[in-house]
Structures are given as C-alpha cells and as structure tokens.
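Protein chains in written order, with our numbering: chain Y, 1 to 577; chain Z, 578 to 1154. Positions of the beta carbon are idealized from the N, C-alpha and C atoms, including for glycine. Just so we're clear, the structure is a prediction, and the values are computed from it rather than from any experiment. Worksheet: one structure, shown below.
2 protein chains.
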Amino acid sequence: MKRVVIIGGVAAGMSAAARLRRLDEEVSIVVLERDRYVSYANCGLPYHIGGAIPDREQLLVVTPEHLRATLNLDVRTEHEVIAIDREAQTVEVHDHQRGSRYIEAYDILVLAQGAAPLRPPVPGIDHPRVFTLRSMPDMDAIKAIVDGGAERAIVVGGSYIGVEVAEALRERQLDVHLIELQDQVMPLLDIEMATDLRYHMELHGVTLHLGTAASSCADVDGRIAVTLRTGETLVADFVVLAAGVRPITSLAQQIGLALGKTGGIKVDATMRTSDPHIYAAGDMVEVIDTVTGEPTLVALAGPANRQGRIVADQICGRDSTYTTTQGTAVVKIFAMTGGATGASEKTLRRLGRAYRKVYLHPAGHASYYPGTAPMHIKLLFAPEDGRVLGAQIVGYDGVDKRLDVFATAIRAGMTVFDLERLELAYAPPYGSAKDPVNMAGFLAANLLRGDVAFWYPDEYEQQSAETVFLDVRGPQEYAQWHIPGAVNIPLTELRSRVEELRPVDAKPMRIYCMVGFRSYLAYRILRQHGFDDVATLAGGGRTFTSFYRTTLATGAPGIPFVSHAEEDLAAQILLDQ
Amino acid sequence: MKRVVIIGGVAAGMSAAARLRRLDEEVSIVVLERDRYVSYANCGLPYHIGGAIPDREQLLVVTPEHLRATLNLDVRTEHEVIAIDREAQTVEVHDHQRGSRYIEAYDILVLAQGAAPLRPPVPGIDHPRVFTLRSMPDMDAIKAIVDGGAERAIVVGGSYIGVEVAEALRERQLDVHLIELQDQVMPLLDIEMATDLRYHMELHGVTLHLGTAASSCADVDGRIAVTLRTGETLVADFVVLAAGVRPITSLAQQIGLALGKTGGIKVDATMRTSDPHIYAAGDMVEVIDTVTGEPTLVALAGPANRQGRIVADQICGRDSTYTTTQGTAVVKIFAMTGGATGASEKTLRRLGRAYRKVYLHPAGHASYYPGTAPMHIKLLFAPEDGRVLGAQIVGYDGVDKRLDVFATAIRAGMTVFDLERLELAYAPPYGSAKDPVNMAGFLAANLLRGDVAFWYPDEYEQQSAETVFLDVRGPQEYAQWHIPGAVNIPLTELRSRVEELRPVDAKPMRIYCMVGFRSYLAYRILRQHGFDDVATLAGGGRTFTSFYRTTLATGAPGIPFVSHAEEDLAAQILLDQ
C-alpha cells in the first residue's frame, strides 16, 4: 500500500489529500498539521474578529473526524514534522498533544506548510501584544483582547490582510492606526489606483501612516508603544503585524531541496521538487507569472487549492500540470472593493516591458438604476498586439465581476480587440449595454488603432511651457477645479469656436474633461480640424486628481485639488447613491 | 459631403451615428426616428413603472439638442420613413410634427428600426387596454393606468420583458397574472432551470398560468376579460403583451432587400445588406449564433450597440466586422437573478448536436460569510474536446458575475479544462477559493476524463426495475424526502457497509445525495470496490426536484416532493440568509 504523508492541512495540503482519496481508495494518507485545526477558513479570520461572522464554528469547515469518516484520511493535528530523512523516506514527528516523537515512513511526501508572517527586524517586535493573523489561535488571541475592551490598535502593513484587519477593528469601534512602508495602501495596486481606497479608509476612521515604518516597539504599562521612522510614537493596546508573508522553507532547506530565486521551493509543472519523492504546493512554492513569465511568490487560496489537486493527480499517475499564476485578488474595504489581475504598471516598468494603458470610470450598472457608482478601471495591454497584461479596479458595485472577466480574458490570452466584442449579461440592475469591460476595450483599441492619443497624469510636470491645456467641460465645472492656466472651451461650443485656437494650433494641446469622454470627442474634432499635436487626458480629471492627491504629499508642485473634506463628502455621496 | 441617413435612433442607430461623427467630422448625419424620443433607456422602462427609477427624466439619456451640440447630429424625432427609393437613393419621410412629407437623399442608408412586439392573432387583442412596452409612450400609458388605481393586470409572455413587467406591477401592489405558452417561465432557459424562478414569482404573489395562452379578449365595462385556452377567464384592468418581438422589415421587404430564413434582414460581416448602399444593425438583422453557427434573431442591447459601431467603421472605410451573437442575457426577478449564455440544452437537442452537461449548487460566496445562498448552475459542453457550449444560472448573489465569466469563456473558445484553471478574484465576501466556475469545470472535466459517470433527472423514468437507487445522505434527510425504494447508506458508513451491497453489485446502481458531492464520493468508493454500473445523480436531489416539480403538472408519475408551501418556506429561508 502506497504511503503518502502530507505536511500541512489547510488549503493546498487538504486539497491534495481529498482529491487523492477520491482518486485512490487504497493509498494511505497521513496529514500532519502543526496547529490545532485543519482546513479552517483562514480567509475568514478578520471577519470573525469584526463580527460579520459571529459564529466561530462557521470557520471550522471540517474536522479531522469528519475527514476520517468521509474521506478515510488520517489527520493528525498538533503534530509537527521536525526532520525529514530523504534517504530513509521518513519524517520525524513531534506529537504536541502527547509530548512524544515518532518516525513516519512515506513513499511520497507532500510539503504544504504555507507561508509565515514576516516579522520586521524591529527592536521590541516580540512584545506579547504584537500579534499576527494566520491561524485560529491568532484570531482567538486578537478577538480576546478586543472583547476585553481594547480601545486602540496599530496595524502594520496595508496590503490585503492589513486593510481587512483594520476594517474589522473599526467595526468593533477601536481607534485604528495603520502603518505602511509604501506611500499608499494596497501596494499591489499602482499608486493612483489606491487613492480612493486610502481616502475611503480615512473616511471610515482609520488613521493612516503611509511611507513610514515602525522603528521600535516598547512596553508602556502593559500597553505597547510603537515609534515610527518619522519620530512619532503611537501607544496602543496591541499591534497586528500584517507586513507580508514568506514561504516556510526551513525543513526544505535542511534537506537540501532546490529553492527558486524568490526563496520559494522550486517545483516543475507537476509540482515535484528537486527530490522525485517530494511534491510541494501552495504558498511555499515559487510559481511562474502568467503575464511576465518571471518566477514569483503568490500567497493566494485559489492557486494553492489547484496545486494541491495537481499533486494528487500526479501521485496517481495522471498528466495534469500547473501552468502559471496571474495573481488575481480582491479586497473589501468598508463599502469599497479593490482588486487586480495580471501585471501592474510598476511591475511592467520594473521589468522594462512595453505596455500601454487606459483609465475609465464607468458605473457598475446602468446609471439610471439605483445603487451604483462610478468605478475606476486601469487596463494595461501590449502595444504590439493588444494582449491584455493587467487590470486594476476600485469602486463600489460590480468591481469583483469585472475583475473576473479581465482575469478570464488574461488567462485566455485575449486582446483588447476581443474585449470590445465580449457579449456580457446586461439588464439595468447588473450592467450596461456597453459593459465597463467593453468600454475598456473600446478605449484601448482606439489607442492602438490611432484614433486617439492620450496624455497621462504622470506626464503633467514634463509638459513644456508651450503646452496649451484645453478644458472642454462647462464653465461651472471649470470654476470648481481646473489645471492651472487651462483654456476653457466647453465641448458644445468647440466646433463654433475652433478658430480661437488657430493661433496655437502648432503647440502641443493637452485636452481634458472629468472622465475623458468629452475630451475624446474634442480630440476627434481638433484632429480633423488640422491640429496635429493633440492628446486627451486618460481618465480625465478623476484619474488626474487620484494621481496627484496621492503624490502631493511627496511634493508635486502646483496641483490644486479639492480639499480632503470635500472629497470625503463626495465619497459619502457616492455611498448614498 | 457624404450624406448618411439612419432610420431609428435608439441602440444600434444611435451607436452608429455617434461613432460615425467621432470618426468623421465632415459627413452629414441625419437620424430619422418615428417616435418622440431617441436614445432613451428602453431596458429601464419596467423599472419606472415599478418605482425603482422614480424620475422619468433619468430614462432620457440624451436629447436631440444635446446630440446636435456634442456630436453635430441632425436628429429628427416623429419623422417616419414611409418609402425608400433604392435607385434614386432617397427616402420619403412623414414629419408627424408638421403633418408634412419630404424627400431626403442619402449616399449611405442605415436601417436600425429594431423589432416590434408580436401581437398574437387573438380576437379582441386590439382592445385599448392591451399595451405593449417598447417605448416611452408605451411606458407612460401603462404607468398612467397603474397610477390611476388599477388593481389587476395580466401579462402575456413569461420571458425577460414579461417577468420584469410582472415584478414591476407587483411592486405597485397589483394583482398580477402572467400567461406563458410554455410550461415554464423564461423559456430561453431549460425547464429545470426555470423552476426556482417560477416558485419565486409565485412566492412574490404573481399568479402563473403556464402551458396555456389567451384565446380571446373582450371588453367588460371598460375592463378587459382574457379567456385562456383552458377555458378560464381572467378579468383585469389592463393587459401587457410581452409575447416576443419580430424584426421590423416592412420597408426592407418593400424594396426587396434579402431576408434570412429567420425573417431578419440578411447582412454580411460588415453589416451590409444585399444593397451595397444600405447597412442594417440591431434587432432587425439576422445574426449567426456563436455556438451553433446557425442563423438566429437576438434582440439584445449589447449586440445592437456593437453592430452600430461596426456600421460606422465600415462607412469610414475601416475593416472592423461583426462576428457572432451568443445571446448572453440576465434578468432580475424580485430577489433572484437568472440568465444564460451560449446554447441551451433544448437548442442543442433540436439541432441534434452532441453535448454533455453538469449541474451544481455552489454558494455565491464563502458560505460562512453572510449574505449568500446556493445558486443553480447548468453547464453544457462538447463531448469530444470539452469546449463550453452554454451555461445557465439561477440564484441570489453572484449570478451575473458567473454568467459573465462563462460568456467570456465561450467567446474565447475555452474548454471545461480551462475553467478548472481560471484564477478568479477571491475574498470571502465575493467568492470561494474554488469559485463556482472552477467547480463547474472540475465536474465537467471529471466526467470527460472518466472519473465520474452521471445519471440525470430526466432519465429517472427510464431506469429499469433492476436499478438500485442508493441514497448516501443521513437518515434524517432520507426521512424528509427520498426517491421511492431507495436504499439508504450514509456516505460516512459506506466503506464499512459496502459488503451489504455485494448482492446487487451487478445491477445498475444510481446514487444520489442533495447536491451531488457526497454521491460523487460514494461513486468513487463503489467504483474502486468493483461496482461497474454506477452513476451519481447530476445536481443531486435539488436538480432532481427542480426537474420534477416542473414536469409533475404534465403527469410524471410517482415522484414525491415536498409541498409547495414547504418550498416557499425554503425559498424564504434562502432569502433571509
């Protein structure tokens, strides 16, 4: 009888175990889990702290007893593997329940230990009130301190877990401070795409400390003081560390398995490690990025589950293989949703890849039907053939849906011309006859076909003194906000007043409106009237201010924008819609 | 100056006009619209009647004045084209505002007249209280009679418009009767997929008269009496006819343009009719079905808009072409959502095409996070290569999202093996680590790889007397409902009790549970224990009862199912979740 030992009983490990049993009734399957729980809903942990999931038992998807009864799995919790002997094909296990050790033999070993929270090398970080949130006991500890009357918390890290924890603690009425090294929340997004999320978090009472980090922690009468690099000191009842994760590879390193350059375990397409008797799956393995082809680490539940299935297939002699990971992810932040799939602009830049981009602000569904608000979409695509490289969306309704359509398009290798032709489900409560994804395709295809030229917010400061900024909105909109020095000719008057612009028709003309539609029409008119150096602002004033609201703190000069208070009001109006 | 005349100013016509102007500042564009309004939100009409869109002006997306100012379009409302002279390249126009007629010359003519409601040849159907709902005046008339205190309405037709109108009138507290010729609501869905929608409509107070039709209408003191083929007579304040639409082709026929076998105007991939100076777009043209390759008529806003764009491109000498229409559509019915993309099973059967199918009932998002309920998914795919042929979904949350992912997959020519690998956006409020679309792919791929064999609800009555039905649910579930004569061995006891089944191991064994997961595990166990003729019920008891609840009325014998009242309760519990 073949003996399969799986180290780790959550996403990848349990997927492998369950599928393995479905494929093979005979194989012996032992799952060794260091913690007290297996197959729990680790993505749900923040929501139990916050109260959205009141019943803790809901998170315990299945128990070892249930797994034995339905799948004949030998699941051993609080059993930690402390050594692997590749020659003998055995693992040494520490049974924390009994305090004993034993040797377990395997024919096939599966590593599915996941990733562990990064602990920044900060003095005092081992203070007992510094928590992480990866497991049920982690959650229980944080919830206990909140239930005990904690009033103030510090969250370190502004990515998925960090913002989910910050939201949860705000739901519990705590005073929440979030510290993020980057100058934005959700660093996986490009900076201008994170702006709305940032202000939305502030609107909901999270105090953000961006572009800084904790430099030390210290005890203050049982509470904890965190000093930032800025010199500021925050005192709180506890700290949640959510500064990212790294693969748990100590065992793998001990036995000399090959690691990739990212530090994750190197596996082939069959999920096999450098030892033919050892597979690995989940957060601990290095994968290939779908878009860039580069090795990368992606700690996401979906890929982990699929990799676990493939391990089981392979153990049973099947030919299924893992391809690539595109990093599709989404987060709920109070009333907003933000997410991404494929490559970001910062990644493409870092790798020196060619790309084009468009921005748009379509409503989640027909704007005349209640309950919608504009979302902010950024689409990245290849200049040569229009292949979709990445998409980012933040907004209120329908964000996750469009992320999934873009994710599917990327997986299918679709181009922006394909996006134009997608036939998506339309009725007023769900979308628009021209869906936001179609609209993104139209804009991108127009660019590649040469029907439009864009200028981008980040090019503003590089514009020459010669540049004419043309604002084609109405005079009231112009009065509220405009780019300094911009000429105002409303679109509806442009055809009759085009001769006013003749004296400057040789100068670069940079057109804009609020979201980009009117300025696109103006672009078309001016081009056909013989203006050659014309471009329309991608995403309009909304994307422009998103960019400069975020970078202003770092010193971009001369950009006026409506005050933070006014923006909060605008966000509130969106919420009320 | 090139003169383009467009007949029809709503979806296709207005898309053509707007894009044409963006591409060409010089061309003369005249839009002739028979009605009083152009470019209004015709999909929103039921929601103004129902009150979801209180402000009528919201539906008037743009006015002729706005179109002139922004796009320099010459839009003439209440101008009806009454004749076309192909030789002279002119149209004769009746100006209903002035009561005069004139001739307008064209270089290019665009037909975008759409489709008109079918009026069944029923005596009395021309009663003044029989309305249709295609235009703003139609809507105004219905809303006026509702506002005037109407108490009872009859809706003829149970497809998209019919159910939207029925919902709207229930929102206004009317007693609503809906008559549908088919034995189901939403005839575009396969019958078992319409069951939940049917009971949901009844739960919300719509009285359904299915499998029948109006045979006559008569005046009763200013109200209207509709007699059904069953002999029953319903008296109501008014009737809304929503029995489908047909292309408006009278003008096209007068001038001898080629029609397709569906009765729609025949166009090539450039949307050109048999007259090289005449294009056509929108509901009036025959298109090719993406999946079946057959000519078809599809009256949907998305394809109409895209076709309009292509007409404009063609007029400007560009090479964009229209490909196919897959008929992606969605409808909101009270708290439920239902929709489809690609081919239905009834279509594939009618055409004699080979297909396979799976059913599943995943939750819209992680079941431990509040606000979700199981949806019912049916996936149809090609036996030889797994290409996705069609998908239907009904449920509560996340239905439109999965429809769009399936729609994108069909457009990309993806297989069920590709669905397994899709990397979709997961966080507990939005989905599951194994998304419903992935799950559909897993089931379908398991079938094609031979890892599972399904039996289907519609095969129940063809089972031989030899067949052993094995119910692998718990005894309580078995007591509540089971297939007559089924043996009950809970999955958790199956391994230890498998020898009890040895005496019948040569007989056909048909396993089932509630949604199909436990019986799939049981299938895997029994197959590996040497049982050869084993199959698991696709979709489990939920799909089974969906099928037989619907067909029972037509006489399927011996199928027990929980009473309607209990089902209403079950639906209510779903809603409360």
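Item to check | Residue burial classification, Y/Q113 (beta-carbon count within 10 angstroms, cutoff 16) | outcome: For this step, residue 113 of chain Y is matched to residue 113 along the first sequence. Buried, because 16 or more other Cβ atoms sit within 10 Å of the Cβ of Y/Q113.
Checklist entry - Can you list, in chain order, the residues of its chain whose CB lies under 8 Å from that of Y/L422, leaving out five sequence neighbours each side? => result As a working note, residue 422 of chain Y is residue 422 in the first sequence. Same-chain partners within the cutoff: V405, A409, D435, V437, N438 and G441.
Checklist entry - Can you list, in chain order, the residues of the stretch 11-24 of chain Y whose Cβ is nearer than 7 Å to any Cβ on chain Z? => result A11 and R22
Checklist entry - Does DSSP classify Y/C43 as helix, strand or coil? => result Stepping through the first sequence from its first residue, residue 43 of chain Y is reached at position 43. Here Y/C43 sits in helix by DSSP.
Next on the checklist: Using a Cβ-Cβ cutoff of 8 Å, what residues of the stretch 827-853 of chain Z are near chain Y? List them in chain order.
Outcome noted: none
Item to check | Beta bridge counterpart(s) of Z/V733 as assigned by DSSP | outcome: As a position in the second sequence, residue 733 of chain Z is number 156, starting the count at 1. When DSSP reads this structure, Z/V733 sits in a beta bridge with Z/I756 and Z/L818.
Next on the checklist: If we define contact as Cβ-Cβ less than 8 Å, is Y/G555 a contact residue for chain Z?
Outcome noted: Within the first sequence, residue 555 of chain Y is the residue found at index 555, counting from 1. With a pLDDT of only 34 at Y/G555, under 50, the local geometry of the prediction cannot be trusted, and no value is derived from it.
Next on the checklist: Any beta carbon from chain Z within less than 8 Å of Y/I316's own beta carbon?
Outcome noted: Walking along the first sequence from the start, residue 316 of chain Y turns up at place 316. Here the sequence assigns Cys to residue 316 of chain Y, which means Ile is not the residue at that position. Not an interface residue.
Next on the checklist: Between Y/V110, Y/L23 and Y/L228, which has its C-alpha nearest Y/V81's C-alpha?
Outcome noted: Residue numbering aside, residue 81 of chain Y sits at position 81 when the first sequence is read from its first letter. For Y/V81, the nearest C-alpha among the options comes from Y/V110.
Item to check | Burial state of Z/M1091, where buried means 16 or more other Cβ atoms lie within 10 Å | outcome: Taking the first residue of the second sequence as 1, we reach residue 1091 of chain Z at position 514. When all chains shown are included, Z/M1091 counts as buried.
Item to check | Contact with chain Z by Y/M502, beta-carbon distance below 8 Å | outcome: Taking the first sequence and counting its residues from 1, one reaches residue 502 of chain Y at position 502. Residue identity check: residue 502 of chain Y is Arg in the sequence provided, not Met. Closer than 8 Å: no.
Checklist entry - Do we get a CB-CB distance below 8 Å when we pair Y/V130 with the residues of chain Z? => result Working through the first sequence from its first residue, we reach residue 130 of chain Y at position 130. For Y/V130, the answer is no, since every Cβ of chain Z falls outside 8 Å of its Cβ.
Item to check | Spatial neighbours of Z/R596 in its chain, beta-carbon cut-off 6 Å, leaving aside the 5 residues before and after | outcome: Residue 596 of chain Z sits at position 19 when you count from the first residue of the second sequence. Answer for Z/R596: R886 and A889, listed in chain order.
Checklist entry - Buried or exposed: where does Y/T233 fall if 16 or more other Cβ atoms within 10 Å of its Cβ makes it buried? => result Translated into positions along the first sequence, residue 233 of chain Y becomes position 233. Classification for Y/T233: exposed.
Item to check | Rounded distance between the beta-carbons of Z/L1068 and Z/L937, thought under 8 Å | outcome: Here residue 937 of chain Z refers to the residue found at position 360 of the second sequence. Here residue 1068 of chain Z refers to the residue found at position 491 of the second sequence. Actually they do not touch by this definition, with Cβ atoms about 18 Å apart.
Checklist entry - So, helix, strand or coil for Y/A83, using DSSP? => result Your numbering for residue 83 of chain Y matches position 83 in the first sequence. Three-state result, Y/A83: strand.
Item to check | Contact check, Y/Y322 vs Y/M271, beta carbons under 8 Å | outcome: Working through the first sequence from its first residue, we reach residue 322 of chain Y at position 322. Working through the first sequence from its first residue, we reach residue 271 of chain Y at position 271. Yes, the Cβ-Cβ distance between Y/Y322 and Y/M271 is below 8 Å.
Next on the checklist: Determine, for Y/G516, whether the minimum Cβ-Cβ distance to residues of chain Z falls below 8 Å.
Outcome noted: By one-based count along the first sequence, residue 516 of chain Y stands at place 516. So no, Y/G516 is outside the interface.
Item to check | Beta-carbon proximity of Y/T132 to Y/L228, cut-off 8 Å | outcome: Within the first sequence, numbered from 1, the residue matching residue 132 of chain Y stands at position 132. Within the first sequence, numbered from 1, the residue matching residue 228 of chain Y stands at position 228. No; because the gap between Cβ atoms is not below 8 Å, this pair is not in contact.
Checklist entry - In terms of residue numbering, what span does the beta strand (DSSP E) encompassing Y/M579 cover? => result Because residue 579 of chain Y is not part of the residues shown, which for chain Y are 1 to 577, the question remains open.
Checklist entry - What is the residue span of the beta strand (DSSP E) that Y/T77 lies within? => result On the first sequence, position 77 is the one that residue 77 of chain Y refers to. From DSSP, the beta strand (DSSP E) with Y/T77 extends over D74 to T77.
Checklist entry - Considering only residues of the same chain and omitting the five flanking positions on each side of Y/Q314, which have a CB-CB separation below 6 Å? => result As a working mapping, residue 314 of chain Y is identified with position 314 in the first sequence. Contacts found: T270.
Checklist entry - Is there at least one Cβ from chain Z nearer than 8 Å to Y/P428's Cβ? => result Within the first sequence, numbered from 1, the residue matching residue 428 of chain Y stands at position 428. Output row for Y/P428: interface = yes.
Checklist entry - Is there a Cβ from chain Y that is less than 8 Å from the Cβ of Z/A889? => result Locating residue 889 of chain Z in the second sequence gives position 312, where the first residue counts as 1. For Z/A889, the answer is no, since every Cβ of chain Y falls outside 8 Å of its Cβ.
Checklist entry - To which residues of the same chain is Z/E741 closer than 7 Å at the C-beta, ignoring the five residues directly before and after it? => result On the second sequence, residue 741 of chain Z is found 164 positions in, with the first residue counted as 1. Taking Z/E741 as the centre and dropping the five residues before and after it, the same chain places the C-beta of P623 and V908 closer than 7 Å to its C-beta, in chain order.
Next on the checklist: Along the chain, where does the beta strand (DSSP E) containing Y/R421 start, and where does it finish?
Outcome noted: Looking up residue 421 of chain Y in the first sequence gives position 421. Careful: Y/R421 lies outside any beta strand (DSSP E), inside the alpha helix (DSSP H) at V416 to R421.
Item to check | Own chain residues within Cβ distance below 6 Å of Z/I719, not counting five before or after | outcome: The residue you call residue 719 of chain Z lines up with position 142 of the second sequence. Same-chain partners within the cutoff: I626 and F708.
Checklist entry - So, Z/D752 versus Z/E779, is the Cβ gap smaller than 8 Å? => result Counting from 1 along the second sequence, the entry for residue 752 of chain Z is found at position 175. Counting from 1 along the second sequence, the entry for residue 779 of chain Z is found at position 202. Their beta carbons are not under 8 Å apart, which means Z/D752 does not touch Z/E779 by this criterion.
Checklist entry - Can a CB atom of chain Y be found closer than 8 Å to the CB of Z/G1018? => result Here residue 1018 of chain Z refers to the residue found at position 441 when the second sequence is read from its first residue. So, not an interface residue.
Item to check | Beta-ladder partner(s) of Z/T873, from DSSP | outcome: Translated into positions along the second sequence, residue 873 of chain Z becomes position 296. Paired residues: Z/V864.
Item to check | Contacting positions in the stretch 288-306 of chain Y - beta carbon closer than 9 Å to chain Z | outcome: Listed in sequence order: T290, L300, A301, G302, P303, A304, N305 and R306.
Item to check | Where Y/I377 falls, given that 16 or more other Cβ within 10 Å makes a residue buried | outcome: Start at 1 with the first residue of the first sequence, and residue 377 of chain Y comes out as number 377. Looking at its Cβ environment, which holds 16 or more other Cβ atoms inside 10 Å, Y/I377 is buried.
Item to check | chain Y within 8 Å of Z/L636, Cβ atoms only | outcome: The sequence position of residue 636 of chain Z within the second sequence is 59, counting from 1. Yes, contact with chain Y.
Checklist entry - Smallest Cα separation from Z/A950: which of Z/D995, Z/E642 and Z/T914? => result If you number the second sequence from 1, residue 950 of chain Z lands on position 373. Ranking Z/D995, Z/E642 and Z/T914 by Cα distance to Z/A950 puts Z/T914 first.
Checklist entry - For Z/F708, which of helix, strand or coil comes out of DSSP? => result Along the second sequence, read from residue 1 onward, the residue named residue 708 of chain Z stands at position 131. Z/F708 falls in the strand class under three-state DSSP.
Next on the checklist: Output needed in chain order: residues of the stretch 28-57 of chain Y with a Cβ under 7 Å from some Cβ in chain Z.
Outcome noted: A41, C43, G44, Y47, A52 and I53
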